[in-house]
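Here is the structure we will look at, set down as structure tokens.
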Amino acid sequence: MAIVINGSGTVTGLAVGGLPDGTVDEGTLASGVGGVVSIQTFTSSGTYTRPSGIAKALVYVVGGGGGGTGSGNRGSGGAGGCAIKVVTVGSTEAVTIGAGGTGASSGTAGSGATSSFGSHCSATGGGGGLTTTGGAGGVGSSGAVNLTGGGGHAGLDSAGGAASFFGGGGRGDRNGAGIGNGSHGGGGGCESGNGGDGGSGIIVVYEY
């Protein structure tokens, strides 16, 4: 049976989906059909608050990117890992966004920090670039799908940062500082000057 919505908001044919015929508002219809109702995105730590009518969410959690370094073979930062999971959300959930690692002029740059969504799942940050190699990618944990972030690179002149699930890494620079990252990946390396900082983590919540 087809689902019919007339101009007055009366819906018929919903019995096949387990809902009675009648008059419903847009939110009730979306909830009954099962589509995405809304999306919340977090780029800084805080608290997730569940909207009325939401029961479950598809959550993507990405850790912070590692910083790049600026000597030797100019290693760039690794990207944060990613955890993906469908969860039954509480009325509130703690949101922790991992900071990006700080770029360095020599030695090992700072690692990215861990991001987490309540106690449901988390993802570690990417490793900082070293003088001869790129930083390792972070790892997702407790997700239905757990992904490892891209590993950083090393080059004779400079190296670009690794890409995360949601964006590319910072650009390397031969003659100046490596470029910081606004897309949640690793920071770029450089030949002279500081490597770039890694990008912060991110959490995206698709609400059903």
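Just so it is clear: in the sequence shown, position 152 is 155 by my numbering, and no numbers are missing. Don't be surprised by glycine CBs; every beta carbon is placed ideally from N, CA and C.
Would a C-beta distance cut-off of 8 Å place residue i and residue j closer than the cut-off?
{"i": "Gly154", "j": "Gly164", "result": "no"}
{"i": "Gly104", "j": "Gly137", "result": "no"}
{"i": "Ala162", "j": "Gly141", "result": "no"}
{"i": "Gly68", "j": "Ala82", "result": "yes"}
{"i": "Gly66", "j": "Gly115", "result": "yes"}
{"i": "Tyr211", "j": "Val98", "result": "no"}
{"i": "Ala107", "j": "Gly73", "result": "yes"}
{"i": "Ala60", "j": "Val90", "result": "yes"}
{"i": "Thr46", "j": "Ile100", "result": "yes"}
{"i": "Gly199", "j": "Gly188", "result": "no"}
{"i": "Cys124", "j": "Ser109", "result": "no"}
{"i": "Gly49", "j": "Thr135", "result": "no"}
To the nearest angstrom, how far is the alpha carbon of residue i from that of residue j?
{"i": "Ser34", "j": "Ala58", "result": "Because Ser34 carries a pLDDT of 48, less than 50, the predicted location of this residue cannot be relied on, and the following value inherits that uncertainty. Near 9 Å, if we compare the C-alpha coordinates of Ala58 and Ser34."}
{"i": "Leu133", "j": "Ser94", "result": "43 Å"}
{"i": "Val64", "j": "Ile206", "result": "5 Å"}
{"i": "Thr52", "j": "Val92", "result": "9 Å"}
{"i": "Thr111", "j": "Thr44", "result": "31 Å"}
{"i": "Gly196", "j": "Ser167", "result": "24 Å"}
{"i": "Asn149", "j": "Gly56", "result": "28 Å"}
{"i": "Ala147", "j": "Val62", "result": "10 Å"}
{"i": "Tyr209", "j": "Gly201", "result": "25 Å"}
{"i": "Lys88", "j": "Gly129", "result": "20 Å"}
{"i": "Pro54", "j": "Glu96", "result": "12 Å"}
{"i": "Gly143", "j": "Phe169", "result": "14 Å"}
When we look at the beta-carbon of residue i and count the other beta-carbons within 10 Å, is it buried (16 or more) or exposed?
{"i": "Ala86", "result": "buried"}
{"i": "Ser119", "result": "buried"}
{"i": "Thr127", "result": "buried"}
{"i": "Ile42", "result": "exposed"}
{"i": "Thr117", "result": "buried"}
{"i": "Ala157", "result": "buried"}
{"i": "Gly190", "result": "buried"}
{"i": "Ser203", "result": "buried"}
{"i": "Ala102", "result": "buried"}
Sorry if obvious, but does the Cβ on residue i come closer than 7 Å to a heavy atom of the ligand NAD?
{"i": "Ala97", "result": "Absent from the structure shown: the ligand NAD. Ligands present: none."}
Quick check on DSSP: helix, strand or coil for residue i?
{"i": "Phe168", "result": "coil"}
{"i": "Leu32", "result": "Since pLDDT at Leu32 reaches only 46, below the 50 mark, its modelled position is unreliable, and no value is offered."}
{"i": "Thr135", "result": "coil"}
{"i": "Ile57", "result": "coil"}
{"i": "Val27", "result": "Because Val27 sits at a pLDDT of 47, beneath the cut-off of 50, its placement in the model cannot be relied upon, and the following sentence gives the value as read from the coordinates. Reduced to three states, the DSSP call for Val27 is coil."}
{"i": "Ile205", "result": "strand"}
{"i": "Val92", "result": "coil"}
{"i": "Ala126", "result": "strand"}
{"i": "Asn197", "result": "coil"}
{"i": "Thr47", "result": "A small fix is needed here, since residue 47 is Ser in this sequence, not Thr. Of the three classes helix, strand and coil, the one that applies to Ser47 here is coil, per DSSP."}
{"i": "Ala112", "result": "coil"}
{"i": "Val64", "result": "strand"}
{"i": "Tyr211", "result": "coil"}
{"i": "Gly191", "result": "coil"}
{"i": "Gly143", "result": "strand"}
{"i": "Thr52", "result": "strand"}
{"i": "Ile87", "result": "strand"}
{"i": "Ile100", "result": "coil"}
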